[in-house]
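K.L.:
Residues -20 to -1, 1 to 932 (mature numbering (1 follows the signal peptide of the UniProt record, and there is no 0)) are what the sequence shown spells out, left to right. Built from N, CA and C at the ideal position, the CB exists for glycine as well. If you're wondering where the values come from, they're calculated on a predicted model, not measured in any experiment. Sharing a structure below in structure tokens format, with a few things to ask.
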Amino acid sequence: MRKLALSTCALMVLAGCSVAPTLKVPFLNSLPTGVTLIEESNPEQLGLTIPYQKYQLENGLTVILSPDDSDPLVHVDVTYHVGSAREEIGKSGFAHFFEHMMFQGSENVADEQHFKLITEAGGTLNGTTNRDRTNYFETVPANQLEKMLWLESDRMGFLLDAVSQRKFENQRDTVKNERAQNYDNRPYGLIWERMSEAMYAEGHPYSWQTIGYVEDLDRVDVNDLKAFFLRWYGPNNAVLTIGGDIDVDETLAWVEKYFGSIPRGPEVAADQKQPATLSESKYITLEDRIRQPMVLIGWPTTYMGEGQQASLDTLAKVLGNGSNSYLYQDLIKTEQAVDVGAFHDCAELACNFYVYAMGDSSGTQSLAALEQKLQQSIQRFASEGVSSERLEQIIGKAEADAVFALQSVKGKVSQLAANETFYGQPDRIEATLQQLRAVTPASVMQAYQAFVANKPSVTLSVVPKGAAELAVKPATFVTPPRTLPNYEAVDEADLSYRPASDDFDRSLAPKAGAPVAAKMPQLYSLHFANGTEVLGAESDETPTVMLQFALPAGERYVAPGKEGLAHLTAAMLSEGTSNQTMEQIQAKLDALGSSLSIDAGTYTTTLSVTALARQLPQTLAILDDVLRHPAFNPGDFARVKKQAVEALIYDHQQPSWLAQQATRQVVYGDSLLARSPEGTAQSLASITLEDVKAFYHQHYTPQGAQVVIVGDMTPRQVETELTFWRDWQGEAAPLYRSPVMASEGESTIYLVDKPNAPQSVIRMVRRGLPYDAVGEMFLGQLANFNLAGNFNSRINLNLREDKGYTYGASGYFTASAETGAVVFSAQVRADATIAALQELQHELSQYSAEGMTDDELQFMRQAIGQNDALNYETPSQKARLISNILRYGLDKDYVAQRNAIVANVEKSTLNQLAEKWFNPNDYQIIVVGDAKTLRPQLEKLAKPIAELEIVR
């Protein structure tokens, strides 16, 4: 494979090292008619670059191509320079609403077919909206590129005739469900809505959230949405970016064919920069269904790309990023707060600087005292500033992150698209790094003095319901009733359509090109005498290395009553060693541009390392010290345990966690498998530092350890670099015993009370099978694909697209080495809880009785079979494949075996499995919601009802 960086010099990302391969650009006279070459990247440019060519069509569409043949895939991104900032007062949420509408079919693409066509092609897709832009993107096997261009062009130029009132109403329901799920029913979900309303004057483009207000969505109709499209979705307000395994000449011809005939839209002028202005400080209070109060302070700053942005970004890192930050040292290490941070939120028109601190769950901690500590920490920065050494660490981390961001075609294309949209300059990596390198201690202090020191701010206190007295100060600002203009309906006759005219039949979808072959990584294996197994893959696309060291130290090895011990032990290893402090370790890692994380799972604790290849020896020396010489300081242990308890309390407020824990309890009964992996307040309280030390000495051992390596190093280099690990000796860890589980019993409704919840989480669950890669569990996943395993599945189309009950519904098989579960789940409107459950039961009943259709079988074969081309692009994807082989003892060619099963499995086999696994009478029902209102309704389902006490 071709390296992204052809340089072998010592400083990979510093000026002096050319990293851009020469591009093959078409001769100007070979360009298709209507296509103009604007610029191309300079192969002689020094520093880190992304190769690209920039073109423009006569209708104003900007086209950026970035060839990369390292994997047989392409990524297509269409970015429209329109976000919520372009909306009118009283019509908020339109940009995001239209993101939904763009997936509902167009003139030549039938309803619900956009997702289906891309899924069937083996691809993935999505869209996102923010304040300043909306983008639509898909990653597909390279032979599907022409079809993607046909799809994207059809919804750019031929959408409105397919937009109906029915679709409008349906997607309006979906957006409302999305808002309820991600804002109204989520703890702390409304903080940014309240903060923006106070930070910006009414009517400012950033004074409302991208999701919009429900009342705005309720008062408009489909013609308002069409008018919004006609104003902003022209080709002259869009950037089409394509990267991956492409032929430039062929791609340009396709772009001109499918996009060239789309008429230009209205001209779009750049928006005026509008940083917020505050004449005085404001205090606001949000009472929420939370237990841990939080204070958030914001100051207006500048706008994206302004000269002081890099210094403000750096100020945020110095104040609140990582263990060496002021806020961490002053508030976390002293146990004044359970979480802190600082960040510079920068957008096209305005930026704001924020700091925050979260208090504990005691119910007695005043935010006034916490805010004072926060201000004292900021004042300490004002007195001491930032050292040159700390800046070097920040720069080292940023330079390495810039390299890691280029490990996927999607990562490169996303950068090119965003930079062209906002700066007219696709590749800004080196320019951005140069701005960061120019930051000095003096410039950071100047930014602080200019925007933060003694400047008006907005302070938001988030407190539990009924506890307004915990706020920093009584509220001086309450969002006033919105001043909305009189609504005037848009007349269909006033809409100025822009019909396109083609010389080909656009209704015919392009055929896929010749099949592509997925590039499975070539694996090598090593076996160390100390009992460690190593499996790796050499990859030289970027000069980086990823390593994962999995130890037999997961929560399954923990004795009953000590749940959370594996997590606490992993956390203590991050608290420093007998040779160096946590802060010293983090400073070294940042300077190297490396990362080290330690995470406890069900069966293993994994130490994960990423590093530039040239920095690997120094990084592994740090890992060796962390692993072999943990400090286990009593003071650190007390703090870490308190943080673990507070983390539990935070998680337990989430409806999704309640549903997940309910699933464990219902499916696995009283067995050890029903335990929450992070522990409970009671179990954590029982754990001592001696418990941690004993667990460490017993389970942190090379015997039975597994090491996964992906990156720019040979097997011989691996043996050399892992000498420290090979020489480590240890005894085998104690084994765990698999529990005996009782039968699940009759189908019952388990009700988990979440008072006054605007949504309910509904689940149908049953016990499943242990993990297998090619056996019945895998076949069950294939059988489930059309029932609940993709966007166009029966359940999602029913509950989301047809009924509008939910933002999304899905079903899946989950499994471990011992057992598994089958889960069908959705978060639905509270008033649709019973109806949604009935629809879910109906879909399972019908599918288990009748099975899948021939068309569904073919759809599954194509979607899963062709998706293989996307599965091995990045180091993390390769590591996931290798980790599965090691963890479950799989054949190295198990992926090929699975592909053969997908291609040849009989429909009758899958239908037999559907009958076995999807009978709704075999499932337990879980409902997380307002028990007082739901229980009388649930009685209509004629099943036993039990209120489930969640083990916390």
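Which whole-angstrom value is the C-beta distance of Asn776 and Ala768, which I expect to be below 8 Å?
P.N.:
For a cut-off of 8 Å, the C-beta gap from Asn776 to Ala768 is around 7 Å, short enough to register as a contact.
K.L.:
Across the stretch 96 to 106 and the stretch 152 to 168, are there enough close Cβ pairs to call them in contact, namely three or more that are closer than 8 Å?
P.N.:
no
K.L.:
Spell out the partners DSSP gives Gly107 in its beta bridges.
P.N.:
According to DSSP, Gly107 bridges with Tyr116.
K.L.:
Give me the Cα-Cα distance between Pro12 and Lys34, rounded to the nearest whole angstrom.
P.N.:
14 Å
K.L.:
Less than 8 Å between the beta carbons of Ser441 and Leu347, yes or no?
P.N.:
yes
K.L.:
For a test of the three-state rule: what should DSSP assign to Ile30, helix, strand or coil?
P.N.:
In the structure shown, Ile30 falls within a coil segment according to DSSP collapsed to helix, strand and coil.
K.L.:
With a CB to CB cut of under 7 Å and the five nearest residues on each side skipped, what residues in its chain are close to Lys568?
P.N.:
For Lys568, where only same-chain residues beyond five positions count, the Cβ hits under 7 Å are Ile602.
K.L.:
What's the C-alpha gap between Leu220 and Thr42?
P.N.:
6 Å
K.L.:
Would you call the stretch 315 to 329 in contact with the stretch 290 to 300, where contact means no fewer than 3 C-beta pairs closer than 8 Å?
P.N.:
yes
K.L.:
On the DSSP bridge list, what partners appear for Leu515?
P.N.:
Ser505 and Val688
K.L.:
Which value, in whole angstroms, describes the spacing of the CA atoms of Thr694 and Val419?
P.N.:
In a straight line, the C-alpha of Thr694 is about 38 Å away from that of Val419.
K.L.:
Quick check on Arg780: does DSSP put it in helix, strand or coil?
P.N.:
Shown here, Arg780 sits in a helix according to DSSP, grouped into three states.
K.L.:
In this structure, what does DSSP give as the bridge partners for Arg746?
P.N.:
Val802
K.L.:
Apart from the five residues on each side of it in sequence, which residues of its chain come closer than 7 Å, Cβ to Cβ, to Asn217?
P.N.:
Tyr60, His61, Val62, Gly245 and Val248
K.L.:
Pick out the complete alpha helix (DSSP H) segments inside the stretch 176 to 225, 4 residues or longer, and give them in chain order.
P.N.:
Here the runs fully enclosed are 194 to 198 and 202 to 212.
K.L.:
Identify which residue in Val808, Thr109 and Asn772 has its Cα closest to the Cα of Gly73.
P.N.:
Thr109
K.L.:
Please confirm whether Gly909 and Thr813 have their CB atoms less than 8 Å apart.
P.N.:
yes
K.L.:
Can you tell me the Cα-Cα spacing of Asn879 and Thr854, whole angstroms?
P.N.:
20 Å
K.L.:
Using DSSP bridges, identify the partner residues of His94.
P.N.:
The partner list for His94 (beta bridge, DSSP) is empty, contrary to what the question assumes.
K.L.:
What is the rounded straight-line gap between the Cα of Ser727 and the Cα of Pro273?
P.N.:
40 Å
K.L.:
Do you know offhand how far Lys253's Cα is from Phe617's?
P.N.:
49 Å
K.L.:
Between the C-alpha atoms of Val672 and Gly760, what's the straight-line distance to the nearest angstrom?
P.N.:
40 Å
K.L.:
Given a cut-off of 8 Å, decide if Leu53 and Asp225 are closer than it, judged by their beta-carbon atoms.
P.N.:
Yes, they are a contact pair.
K.L.:
Among the candidates Arg199, Ile69 and Ala398, whose CA atom is the shortest distance from the CA of Arg462?
P.N.:
Ile69
K.L.:
Where does Ala(-11) land, buried or exposed, given buried means 16+ other C-beta within 10 angstroms?
P.N.:
Only weak support is given to the placement of Ala(-11): the predicted model assigns it a pLDDT of 28, under 50, and the question is left unresolved by the model.
K.L.:
Measure the alpha-carbon distance for Pro185 versus Ala433 and round it to whole angstroms.
P.N.:
Inter-residue distance for Pro185 and Ala433 is about 26 Å (C-alpha atoms, whole angstroms).
K.L.:
Is DSSP giving Gly391 helix, strand or coil here?
P.N.:
helix
K.L.:
Helix, strand or coil for Thr889, going by three-state DSSP, please let me know.
P.N.:
helix
K.L.:
Would you be able to state if there are at least three C-beta pairs under 8 Å between the stretch 343 to 358 and the stretch 269 to 287?
P.N.:
Here the stretch 269 to 287 lies against the stretch 343 to 358, with 3 or more beta-carbon pairs under 8 Å apart.
K.L.:
Compute the Euclidean distance between the alpha carbons of Arg644 and Ser636, then round it to the nearest angstrom.
P.N.:
13 Å
K.L.:
How is the alpha helix (DSSP H) around Asp141 delimited, first residue to last?
P.N.:
No alpha helix (DSSP H) holds Asp141; DSSP gives it neither H nor E.
K.L.:
CB of Ala469 to nearest heavy atom of the ligand SAM: below 7 Å?
P.N.:
Looking for the ligand SAM in the displayed structure turns up nothing, as the structure carries no ligands at all.
K.L.:
So for Ala737, helix, strand or coil by DSSP?
P.N.:
coil
K.L.:
Could you tell me which uninterrupted alpha helix (DSSP H) segments, each at least 4 residues in length, are contained entirely in the stretch 820 to 902, listed from first to last along the chain?
P.N.:
834 to 846, 855 to 868, 874 to 884 and 887 to 897
K.L.:
Where DSSP assigns a beta bridge to Leu527, which residues make up the other side?
P.N.:
Val589 and Ile689
K.L.:
For the stretch 203 to 214 against the stretch 172 to 189, are there 3 or more C-beta pairs whose distance is under 8 Å?
P.N.:
no
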